[in-house]
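**Student:**
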Amino acid sequence: MEPITIVKSKVAPMDRADVDTDQIIPKQFLKRIERTGFGEFLFFDWREEDFYLLDRPEYAGARILVAGRNFGCGSSREHAPWAIQDFGFDVVIASSFADIFRTNCTKIGMLPVVLPEDDVRTIMREALDQPGIEMTVDLEECAVALPDGRTVEFHIEDSVRDRLLNGWDDIGLTLRRSEVIDAYEADREREGPVTTILL
Amino acid sequence: MGKTLFRKVWDLHEVAPEGPEGPAILYIDLHLVHEVTSPQAFDGLRMAGRPVRRPDRTLATVDHNVPTIGRERGIEDDLSRLQVEALERNAAEFGIPLFSLTSLRQGIVHVIGPELGFTQPGMTIVCGDSHTSTHGAFGALAFGIGTSEVEHVLATQTLPQGMPRTMRINFEGAMPRGVVAKDLILGAIGQMGVSGAQGHVVEYAGEAIRGLTMEGRMTVCNMSIEGGARAGMVAPDDATFAYVEGRMAAPRDFAQAVEGWRTLPSDPDAQFDREMDVDVPSLAPQVTWGTTPGMVAPITGRVPTPEQYDDPTDQEAVRRALEYMGLHGGEAMEDIAIDTVFLGSCTNGRIEDLRAAADVVRGQSVKDGLRAMVVPGSMAVKAQAEDEGLDEVFRGAGFEWRDAGCSMCLGMNPDILQPGERAASTSNRNFEGRQGKGGRTHLVSPAMAAAAAITGHLVDVRTFDAALAGA
Chain A
1 MEPITIVKSK
11 VAPMDRADVD
21 TDQIIPKQFL
31 KRIERTGFGE
41 FLFFDWREED
51 FYLLDRPEYA
61 GARILVAGRN
71 FGCGSSREHA
81 PWAIQDFGFD
91 VVIASSFADI
101 FRTNCTKIGM
111 LPVVLPEDDV
121 RTIMREALDQ
131 PGIEMTVDLE
141 ECAVALPDGR
151 TVEFHIEDSV
161 RDRLLNGWDD
171 IGLTLRRSEV
181 IDAYEADRER
191 EGPVTTILL
Chain B
200 MGKTLFRKVW
210 DLHEVAPEGP
220 EGPAILYIDL
230 HLVHEVTSPQ
240 AFDGLRMAGR
250 PVRRPDRTLA
260 TVDHNVPTIG
270 RERGIEDDLS
280 RLQVEALERN
290 AAEFGIPLFS
300 LTSLRQGIVH
310 VIGPELGFTQ
320 PGMTIVCGDS
330 HTSTHGAFGA
340 LAFGIGTSEV
350 EHVLATQTLP
360 QGMPRTMRIN
370 FEGAMPRGVV
380 AKDLILGAIG
390 QMGVSGAQGH
400 VVEYAGEAIR
410 GLTMEGRMTV
420 CNMSIEGGAR
430 AGMVAPDDAT
440 FAYVEGRMAA
450 PRDFAQAVEG
460 WRTLPSDPDA
470 QFDREMDVDV
480 PSLAPQVTWG
490 TTPGMVAPIT
500 GRVPTPEQYD
510 DPTDQEAVRR
520 ALEYMGLHGG
530 EAMEDIAIDT
540 VFLGSCTNGR
550 IEDLRAAADV
560 VRGQSVKDGL
570 RAMVVPGSMA
580 VKAQAEDEGL
590 DEVFRGAGFE
600 WRDAGCSMCL
610 GMNPDILQPG
620 ERAASTSNRN
630 FEGRQGKGGR
640 THLVSPAMAA
650 AAAITGHLVD
660 VRTFDAALAG
670 A
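Read top to bottom, the protein sequences are chains A and B. All the letters of the first sequence, read from the start, carry residue numbers 1 to 199 under our numbering. All the letters of the second sequence, read from the start, carry residue numbers 200 to 670 under our numbering.
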């Protein structure tokens, strides 16, 4: 995956709480067996709604999405972060994310940033009131420079931060430790609790 | 200090603890695979030249997009057929057992795992599906993952994991008449909100949980994700062991297995990061009125209005939900007319669910003009129901009797709501468009769905007989 370090970009708003992954990418697009090309179907059923602003020219090219609390709840479909990334976003900011969605983002090189609700509201207001306004998200410093000039820090696990900064392949990292997996399996299958082997 | 059930299962599967090299690595005992979230993962393996590490700990079936009628004609939708064929090719290439469309063991992945005995206490179980939490009913640690993680498990049989927090939800007091597992979990979600358990593995405990059958416990654990939980678990007990015993994949030395499983329940002095109590005797049958599972009310209640909420974000969410649902707010729940009933899903598509619904339907007829369908959770459930004559009860009343799959729970196959149609559904999500664009969903238990099919409106199953007599 592509490394992420500093993202300076316009901010696009999705001012709704509890946005579920069925809205982010409706089910009819989950039949595709490719990993790319989902961006054109992002928020497909909301595109005609008044509150849907992502297609407005003022937000064109935005790489930062700011959203309401509990973003990405519901289905585990990774098609949701694929669609957001394919649309052009590298960063999603919200006061909370659903667990599986947040993990999925970090596995594909997209940065979920959790900020306090008040700061998210500030960013949301700026993005709505001054369309096209820019801000900076710095993963190296774990800091967001708000449009109003303040800087706020965010928390992310060190291992996730390292992986995103370097664009490392998670599977490759685990396979480098395959000897501990071998040892675990050997132990478990000799003496461990009974679990069935399927074949 | 004692350990929680969750922590015991975690510790048994920790291949490497969290350290300078990264997060903890957790071993996965059972990886369930289906057609929708796996093709890109297999492509990733091929591109990197990686094999599946443990095909013998991997099990595949088709459920999300498959037709539930006319299977002898194959799958007419081109994209769905390609997706199923891709899984068939991938399973053959990587040596993974697959129960495909024509198998008698085909079914919803979270129904067949338990019914074939693959799901056992103390296991770690993952699947590219958020309702994997269902398997936690057996005292397994089971959670949904994305496609990148599916690929990770296929390649390494492990997952890097941060340590979740723990939460215990205590269902205190006895179950009132007419209240079932679905009402327990909907009531809990209504109480804590749809992100109330975010970041937590929940253990469901208390007198009401102990009294549930395994089917009921699966219904409760299934909807853990709708409260935001990472996973849901119930301590294994004699009911659990009795369910597993004799099933196809049950351990051969069963007595020895049970001896190990008996050590799993949380120690009496185990501490949880959070506790929540649900007052079971005060619960009535639950019905959702909005577009999240947390927008729920007792059937005896009324649809709320935005003004009843303090938080402006909540007010806006309720306003939008009412608009989408075609409600004004203030309606009595029992006055809401419906035109579709869906009975099925990984939440409520098991034999006990079908029996509960059949008991309500027996000798009655589906309301004129109403469409009602039963989609058994697996072909084995379907066969069992037919042995018991339940198909005749449903068909005789005017229900459609279908083959197994996820069906109208998520509407990836042709079973969908049309815009404006309103369903009483035994599934797990009432999101906008979940069952079809513009479709409106009220989540209920199987008996409540069956009663609604007869009367044509949401109705309290406890007073259903009287309502019919007075009609």
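Here a beta-carbon is modelled for each residue, glycine too, at the ideal position from N, C-alpha and C.
1) Mind checking residue 56 of chain A: buried by the 16 CB within 10 Å criterion, or exposed?
2) The segment 71-90 of chain A: which residues have C-beta closer than 7 Å to a C-beta of chain B, in chain order?
3) Verify the CB distance criterion: does residue 375 of chain B have a CB-CB separation below 7 Å to chain A?
4) Is there at least one Cβ from chain B nearer than 7 Å to residue 114 of chain A's Cβ?
5) For residue 402 of chain B, does the three-state DSSP call read helix, strand or coil?
6) Alpha carbon to alpha carbon, how far is residue 82 of chain A from residue 60 of chain A? Give it in angstroms, no decimals.
7) Could you give the DSSP three-state label for residue 124 of chain A: helix, strand or coil?
8) Please return the same chain residues whose Cβ sits closer than 6 Å to the Cβ of residue 561 of chain B, not counting the five positions on each side in sequence.
9) Just reading off the beta strand (DSSP E) that residue 111 of chain A is part of, what are its end residues?
10) Could you check whether residue 324 of chain B and residue 341 of chain B sit closer than 7 Å to each other, using their CB atoms as the reference points?
11) Please report how far the alpha carbon of residue 453 of chain B lies from the alpha carbon of residue 185 of chain A, in whole angstroms.
12) For the beta strand (DSSP E) that residue 293 of chain B lies in, which residues bound it at each end?
13) Is the CB of residue 159 of chain A under 7 Å away from at least one CB in chain B?
14) Tell whether a beta-carbon distance below 7 Å holds between residue 283 of chain B and residue 308 of chain B.
15) For residue 122 of chain A, tell me which candidate among A/139, A/91, A/145 and A/104 has the shortest Cα-Cα distance.
16) Looking at the C-beta of residue 181 of chain A, does it have a partner C-beta in chain B at a distance below 7 Å?
17) Does DSSP put residue 65 of chain A in a helix, in a strand, or in coil?
18) Could you give the residue range of the beta strand (DSSP E) that holds residue 624 of chain B?
19) Quick check on residue 357 of chain B: buried or exposed, where buried means 16 or more other Cβ atoms within 10 Å of its Cβ?
20) Nearest chain A C-beta to residue 442 of chain B closer than 7 Å, yes or no?
21) Unbroken alpha helix (DSSP H) runs of length 4 or more, entirely within the segment 583-608 of chain B: which are they?
22) So which residues of chain A does residue 264 of chain B contact, with C-beta pairs closer than 7 Å?
23) Counting along the chain, where does the beta strand (DSSP E) carrying residue 381 of chain B start and finish?
24) Hey, would you say residue 290 of chain B sits closer than 7 Å to residue 259 of chain B, going by beta carbons?
25) Quick check on the burial criterion: 16 or more other C-beta atoms within 10 angstroms. Buried or exposed for residue 451 of chain B?
26) Mind checking which residues open and close the beta strand (DSSP E) that includes residue 220 of chain B?
27) If you run the structure through DSSP and keep just helix, strand and coil, what is residue 205 of chain A?
28) Taking 7 Å as the threshold (beta carbon to beta carbon), is residue 193 of chain A in contact with chain B?
29) Could you tell me how far apart the beta carbons of residue 233 of chain B and residue 327 of chain B are, in whole angstroms, since I believe they sit closer than 8 Å?
30) Can you give the beta carbon distance from residue 678 of chain B to residue 320 of chain B, rounded, assuming they're within the 8 Å contact cut?
31) Grab the span of the beta strand (DSSP E) containing residue 517 of chain B for me, first residue to last.
32) Which partner residues of residue 369 of chain B appear in the DSSP bridge assignment?
33) Can you give me, in chain order, the residues of the segment 33-55 of chain A that have a beta carbon less than 8 Å from any beta carbon in chain B?
34) Across the segment 647-662 of chain B and the segment 558-577 of chain B, are there enough close Cβ pairs to call them in contact, namely three or more that are closer than 8 Å?
35) So which residues of chain B does residue 131 of chain A contact, with C-beta pairs closer than 9 Å?
36) Here's a check: name, in chain order, each residue in its chain whose Cβ is nearer than 8 Å to the Cβ of residue 161 of chain A, leaving out the five neighbours to either side.
**Tutor:** According to the structure shown:
1) Position 56 of the first sequence, counted from the first residue, corresponds to residue 56 of chain A. With fewer than 16 other Cβ atoms within 10 Å, it is exposed.
2) 73, 74, 75, 76, 77 and 78
3) Numbered from 1 along the second sequence, position 176 holds the residue referred to as residue 375 of chain B. Taking Cβ atoms only, chain A never reaches closer than 7 Å to residue 375 of chain B, which makes this a no.
4) Indexing the first sequence from 1 puts residue 114 of chain A at position 114. Cβ-Cβ to chain B under 7 Å: no for residue 114 of chain A.
5) Against the second sequence, residue 402 of chain B aligns to sequence position 203. If DSSP states are grouped into helix, strand and coil, residue 402 of chain B belongs with the strands.
6) For this step, residue 60 of chain A is matched to residue 60 along the first sequence. For this step, residue 82 of chain A is matched to residue 82 along the first sequence. Distance between the alpha carbons of residue 60 of chain A and residue 82 of chain A: 18 Å.
7) For the purposes of this step, residue 124 of chain A is taken as residue 124 along the first sequence, with counting starting at 1. Three-state DSSP puts residue 124 of chain A in a helix.
8) Position 362 of the second sequence, counted from the first residue, corresponds to residue 561 of chain B. Once the five neighbours on either side are set aside, the close Cβ partners of residue 561 of chain B are 592.
9) For the purposes of this step, residue 111 of chain A is identified with residue 111 of the first sequence, where counting begins at 1. Here the beta strand (DSSP E) through residue 111 of chain A covers 111-114.
10) Taking the first residue of the second sequence as position 1, residue 341 of chain B is located at position 142. Taking the first residue of the second sequence as position 1, residue 324 of chain B is located at position 125. Cβ distance < 7 Å, so residue 341 of chain B and residue 324 of chain B count as in contact.
11) Within the second sequence, residue 453 of chain B is the residue found at index 254, counting from 1. Within the first sequence, residue 185 of chain A is the residue found at index 185, counting from 1. Approximately 21 Å, taken between the alpha carbons.
12) Position 94 of the second sequence, counted from the first residue, corresponds to residue 293 of chain B. Premise fails: residue 293 of chain B lies in the alpha helix (DSSP H), 277-293, not in any beta strand (DSSP E).
13) Residue numbering aside, residue 159 of chain A sits at position 159 when the first sequence is read from its first letter. Yes, residue 159 of chain A lies at the interface with chain B (some Cβ there is under 7 Å from its Cβ).
14) By 1-based counting over the second sequence, the position of residue 283 of chain B is 84. By 1-based counting over the second sequence, the position of residue 308 of chain B is 109. No. Outside cutoff.
15) Within the first sequence, the letter at position 122 stands for residue 122 of chain A. It is A/145 whose Cα lies nearest to the Cα of residue 122 of chain A.
16) Here residue 181 of chain A corresponds to residue number 181 of the first sequence, with the count starting at 1. Closer than 7 Å: yes.
17) Here residue 65 of chain A refers to the residue found at position 65 of the first sequence. Three-state DSSP puts residue 65 of chain A in a strand.
18) Translated into the one-based positions of the second sequence, residue 624 of chain B becomes position 425. 621-624 is the span of the beta strand (DSSP E), which, as asked, contains residue 624 of chain B.
19) Locating residue 357 of chain B in the second sequence gives position 158, counting from the first residue. Looking at its Cβ environment, which holds 16 or more other Cβ atoms inside 10 Å, residue 357 of chain B is buried.
20) On the second sequence, residue 442 of chain B is found 243 positions in, with the first residue counted as 1. Chain A contact via Cβ: absent.
21) 589-596
22) Reading the second sequence from its first residue, position 65 is the one you call residue 264 of chain B. Going along chain A in sequence order, the residues near residue 264 of chain B (Cβ under 7 Å) are 31.
23) Mapped onto the second sequence, residue 381 of chain B falls at position 182. Note, residue 381 of chain B: premise wrong, no beta strand (DSSP E); alpha helix (DSSP H) at 380-391.
24) As a first step, residue 290 of chain B is located in the second sequence; it is residue number 91 there, counting from the start. As a first step, residue 259 of chain B is located in the second sequence; it is residue number 60 there, counting from the start. Their beta carbons are under 7 Å apart, which means residue 290 of chain B touches residue 259 of chain B by this criterion.
25) Locating residue 451 of chain B in the second sequence gives position 252, counting from the first residue. Looking at its Cβ environment, which holds fewer than 16 other Cβ atoms inside 10 Å, residue 451 of chain B is exposed.
26) Mapped onto the second sequence, residue 220 of chain B falls at position 21. No beta strand (DSSP E) holds residue 220 of chain B; DSSP gives it neither H nor E.
27) Any property of residue 205 of chain A remains undetermined from this structure, which presents chain A solely from 1 to 199.
28) The count along the first sequence starts at 1 and reaches residue 193 of chain A at position 193. Interpretation of residue 193 of chain A is limited by its pLDDT of 45, a score under 50 that renders its predicted location unreliable; the figure taken from the coordinates is listed afterwards. Cβ-Cβ to chain B under 7 Å: yes for residue 193 of chain A.
29) By one-based count along the second sequence, residue 233 of chain B stands at place 34. By one-based count along the second sequence, residue 327 of chain B stands at place 128. Sure, about 7 Å apart at Cβ, within 8 Å.
30) This structure cannot speak to residue 678 of chain B, because chain B is shown only from 200 to 670.
31) Start at 1 with the first residue of the second sequence, and residue 517 of chain B comes out as number 318. From DSSP, residue 517 of chain B is part of no beta strand (DSSP E) but of the alpha helix (DSSP H) over 511-524.
32) To locate residue 369 of chain B, count along the second sequence from 1; it is residue 170. DSSP, once it has assigned bridges, lists B/404 and B/476 as partnering residue 369 of chain B.
33) 33, 34, 35 and 45
34) yes
35) Stepping through the first sequence from its first residue, residue 131 of chain A is reached at position 131. Neighbours of residue 131 of chain A on chain B: none; closest Cβ ~20 Å, over 9 Å.
36) Counted from its first residue, the first sequence places residue 161 of chain A at position 161. Closer than 8 Å at Cβ, skipping near neighbours: 139 and 142.
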